[in-house]
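Engineer:
Numbering (this note's numbering), first residue to last: 351 to 814.
What follows is the structure, encoded as structure tokens:
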């Protein structure tokens, strides 16, 4: 817990001449006696750059810990339909550019100027802290504005915008195209069976899957067909159907082009399948929800905020992907693997991603990190990646919140102390909690079965 500290709110509005935009940067500046000499900028969420309720919670925490904290709205409202198009069929490319990149450097420049004016000197160190859209923003800063921040937390980032978006609608599309609509309780049961099967692959029974890679090799959803279980939705015993196994397999495998080629990574085993492939059932008839499809066609095909939704074919799915890639990639994607300028500027960055993320595939983040490693060499000297078992998108789930990583980033930047394992507290079996660790890739956490202090981080170590 922390105590709310008094602060001065300085909100600046500005425009880029000739572009008809108005952008707000909001800085919270603690009293001089409470100020620790550092800037912490907070990232956005979804299609929102910042200045929203969840981010304000992060700013309260930052100010309570002595940081000057800042956020920007990038000049775009919270409701996407209010700004994505300047007219039917015409994208607001200036707003997209502000959201995707330009506002990020503007924010850093303005924040540092405000801090210098308020306290009489620039911040000693500047940090970015973001997840999801905020993680994407963090990577964009490292890639395009390498001197803007000394340290960056870029968690669960939307790196390949087109691909990760297609993965979010893939389970729904698969159900529609194959006309297979399992009950949510069937998908939940498959997830429970997967967890039970793969739980102890890391050496401890704790109710979560830590080794998702080994689990993919050992657990087959189709072998669960016909198993009986109690379905809470029907309050009766039913059997797992072929449809449930097929949808689970498709959700884990990820989207494919109409000719069967790989498009992107799917969700990890252990993810809540009933959330990524939701259905509504009336009696024995189930249907998939289609809100995501409607948005996809509105934004990326018809380029209108309202449209009639037609049946989507496999070729339509291909077209949707191409449109997202062509229209949005240049401003929103952050898959540049050349981080040498950030490294040479002395920057340090940490990415973490929950393995139970229901929004963005953690396998895509791992793929990006491995590409950076192959291109740059000695990547762990400035950039580390942590996979967090059972953590959902940014927070939630049974996995532990990696709260220590920000302080470890700060020690890395300011003292040269390279982060290694990081403590987490997971929600274990039977409403218990367990002290564990997460490790920088390619290491994974392994439990020492001979350890006497079973519920202690000392029983865990990082192994390749």
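The C-beta atom is built at its ideal place from N, Cα and C for all residues, glycine as well. Bear in mind that the values here come from a model prediction, so they are computed numbers and not experimental data.
#1: Got a sec, what are the start and stop residues for the alpha helix (DSSP H) residue 821 sits in?
#2: Compare the beta carbon distance of residue 485 and residue 559 with 8 angstroms and say whether it is the shorter of the two.
#3: I'd like to confirm the pairing. Which residues does DSSP put opposite residue 629 in its beta bridges?
#4: Under 6 angstroms Cβ to Cβ from residue 575, same chain only, skipping five residues before and after it: list those, please.
#5: Grab the span of the beta strand (DSSP E) containing residue 796 for me, first residue to last.
#6: Closer than 7 angstroms by C-beta to residue 777: which residues in its own chain qualify, once you throw out the five before and the five after it? Chain order, please.
#7: For residue 629, which residues in the same chain have their Cβ closer than 8 angstroms to its Cβ, ignoring the five residues on either side in sequence?
#8: To the nearest angstrom, how far is it from the Cα of residue 710 to the Cα of residue 700?
#9: CB residue 499 to CB residue 520, shorter than 8 angstroms?
#10: Considering only their Cβ atoms, is the gap separating residue 472 from residue 377 smaller than 8 angstroms?
#11: Just tell me which of 551, 539, 570, 550 has its CA closest to the CA of residue 581.
#12: Nearest CA to the CA of residue 617: which residue from 703, 578, 554, 811?
#13: My assumption, with CB atoms under 8 angstroms, is that residue 510 sits in contact with residue 685. Please give the rounded CB distance.
#14: For residue 737, list the residues DSSP reports as bridge partners.
#15: Name the DSSP bridge partner or partners of residue 772?
#16: Apart from the five residues on each side of it in sequence, which residues of its chain come closer than 7 angstroms, Cβ to Cβ, to residue 481?
#17: Taking 8 angstroms as the cut-off, decide whether the C-beta atoms of residue 740 and residue 795 are in contact.
#18: Going by C-alpha to C-alpha distance, which of 598, 799, 665, 731 sits closest to residue 692?
#19: Helix, strand or coil for residue 617? Go by DSSP, reduced to three states.
#20: Confirm, please, whether the CB-CB distance from residue 758 to residue 773 is below 8 angstroms.
#21: By DSSP, does residue 581 sit in helix, in strand, or in coil?
#22: Okay, do the region 380 to 390 and the region 412 to 427 touch, 3+ Cβ pairs below 8 angstroms being the bar?
#23: Between which two residues does the alpha helix (DSSP H) harbouring residue 725 extend?
#24: Return no unless some Cβ of chain D is closer than 8 angstroms to the Cβ of residue 800.
#25: So who's on the other strand from residue 495, going by DSSP bridges?
#26: So, does the region 718 to 733 touch the region 424 to 442, judging by three or more C-beta pairs under 8 angstroms?
#27: Contact check, residue 708 vs residue 742 under 8 angstroms by CB: the rounded distance?
#28: Per DSSP, what kind of secondary structure is residue 400 in: helix, strand or coil?
#29: Nearest to residue 689 by alpha carbon, out of 489, 368, 452?
#30: Let me check one thing: in DSSP terms, what residues is residue 606 bridge-paired to?
#31: Quick check: residue 512 and residue 679, are their CB atoms within less than 8 angstroms of each other?
#32: Should residue 496 and residue 697 be called a contact, given that it needs their Cβ atoms to be closer than 8 angstroms?
#33: Among 386, 412, 491, which residue has its Cα nearest to the Cα of residue 683?
#34: Whole beta strand (DSSP E) runs in the region 367 to 436 with 3 or more residues, listed along the chain?
#35: Using 8 angstroms as the threshold, is the C-beta distance between residue 736 and residue 809 below it?
#36: Please state if the CB of residue 786 and the CB of residue 750 are separated by a distance shorter than 8 angstroms.
Structural biologist: By the coordinates alone:
#1: Residue 821 is absent from the structure shown; the chain starts at 351 and stops at 814.
#2: Residue 485 sits at position 135 when you count from the first residue of the chain shown. Residue 559 sits at position 209 when you count from the first residue of the chain shown. Not closer than 8 angstroms, so no.
#3: If you number the chain shown from 1, residue 629 lands on position 279. According to DSSP, residue 629 bridges with 638.
#4: Stepping through the chain shown from its first residue, residue 575 is reached at position 225. These residues qualify, in order along the chain: 590, 592, 595.
#5: Working through the chain shown from its first residue, we reach residue 796 at position 446. Looking at the DSSP string, the run of the beta strand (DSSP E) that includes residue 796 is 794 to 797.
#6: Start at 1 with the first residue of the chain shown, and residue 777 comes out as number 427. These residues qualify, in order along the chain: 748, 783.
#7: Working through the chain shown from its first residue, we reach residue 629 at position 279. These residues qualify, in order along the chain: 525, 531, 532, 533, 534, 636, 637, 638, 639.
#8: As a working mapping, residue 710 is identified with position 360 in the chain shown. As a working mapping, residue 700 is identified with position 350 in the chain shown. The alpha-carbon atoms of residue 710 and residue 700 are separated by roughly 17 angstroms.
#9: By 1-based counting over the chain shown, the position of residue 499 is 149. By 1-based counting over the chain shown, the position of residue 520 is 170. Against a cut-off of 8 angstroms, the Cβ pair of residue 520 and residue 499 comes out as no contact.
#10: Position 27 of the chain shown holds residue 377. Position 122 of the chain shown holds residue 472. Going by C-beta atoms, residue 377 is not nearer than 8 angstroms to residue 472.
#11: Reading the chain shown from its first residue, position 231 is the one you call residue 581. Ranked by Cα distance from residue 581, the first of 551, 539, 570, 550 is 539.
#12: The residue labelled residue 617 in the question sits at position 267 within the chain shown. Comparing Cα-Cα distances from residue 617 to each of 703, 578, 554, 811, the minimum goes to 703.
#13: Here residue 510 refers to the residue found at position 160 when the chain shown is read from its first residue. Here residue 685 refers to the residue found at position 335 when the chain shown is read from its first residue. Contact flag correct, Cβ pair sits at about 5 angstroms.
#14: As a position in the chain shown, residue 737 is number 387, starting the count at 1. Residue 737 is bridged to 703.
#15: The sequence position of residue 772 within the chain shown is 422, counting from 1. For residue 772, which the question treats as bridged, DSSP gives the partners 788.
#16: For the purposes of this step, residue 481 is taken as the residue at position 131 of the chain shown. The answer, listed in chain order, is 393, 505, 506, 744.
#17: Residue 740 sits at position 390 when you count from the first residue of the chain shown. Residue 795 sits at position 445 when you count from the first residue of the chain shown. Going by C-beta atoms, residue 740 is not nearer than 8 angstroms to residue 795.
#18: Against the chain shown, residue 692 aligns to sequence position 342. Closest by alpha carbon: 731.
#19: As a first step, residue 617 is located in the chain shown; it is residue number 267 there, counting from the start. Correct three-state label for residue 617: coil.
#20: Working through the chain shown from its first residue, we reach residue 773 at position 423. Working through the chain shown from its first residue, we reach residue 758 at position 408. Cβ atoms of residue 773 and residue 758: not closer than 8 angstroms.
#21: Within the chain shown, numbered from 1, the residue matching residue 581 stands at position 231. If DSSP states are grouped into helix, strand and coil, residue 581 belongs with the strands.
#22: Yes, the region 380 to 390 touches the region 412 to 427.
#23: The count along the chain shown starts at 1 and reaches residue 725 at position 375. From DSSP, the alpha helix (DSSP H) with residue 725 extends over 712 to 726.
#24: Any reference to chain D falls outside this structure, which holds one protein chain only.
#25: Within the chain shown, numbered from 1, the residue matching residue 495 stands at position 145. Paired residue(s): none; residue 495 is not in a bridge.
#26: no
#27: Taking the chain shown and counting its residues from 1, one reaches residue 708 at position 358. Taking the chain shown and counting its residues from 1, one reaches residue 742 at position 392. Right, their Cβ atoms sit about 6 angstroms apart.
#28: Your numbering for residue 400 matches position 50 in the chain shown. Of the three classes helix, strand and coil, the one that applies to residue 400 here is coil, per DSSP.
#29: Mapped onto the chain shown, residue 689 falls at position 339. Nearest of 489, 368, 452 to residue 689, Cα basis: 489.
#30: What you label residue 606 is simply residue 256 of the chain shown in a count that begins at 1. Answer by DSSP bridge pairing, in chain order: 612.
#31: To locate residue 512, count along the chain shown from 1; it is residue 162. To locate residue 679, count along the chain shown from 1; it is residue 329. Closer than 8 angstroms, so yes.
#32: Counting from 1 along the chain shown, the entry for residue 496 is found at position 146. Counting from 1 along the chain shown, the entry for residue 697 is found at position 347. Cβ atoms of residue 496 and residue 697: closer than 8 angstroms.
#33: Position 333 of the chain shown, counting from 1, holds the residue named residue 683. Taking only the C-alpha atoms, the option nearest residue 683 is 491.
#34: 373 to 380, 388 to 392, 418 to 422
#35: For the purposes of this step, residue 736 is taken as the residue at position 386 of the chain shown. For the purposes of this step, residue 809 is taken as the residue at position 459 of the chain shown. For residue 736 and residue 809, no; Cβs fall outside 8 angstroms.
#36: Within the chain shown, the letter at position 400 stands for residue 750. Within the chain shown, the letter at position 436 stands for residue 786. Yes.
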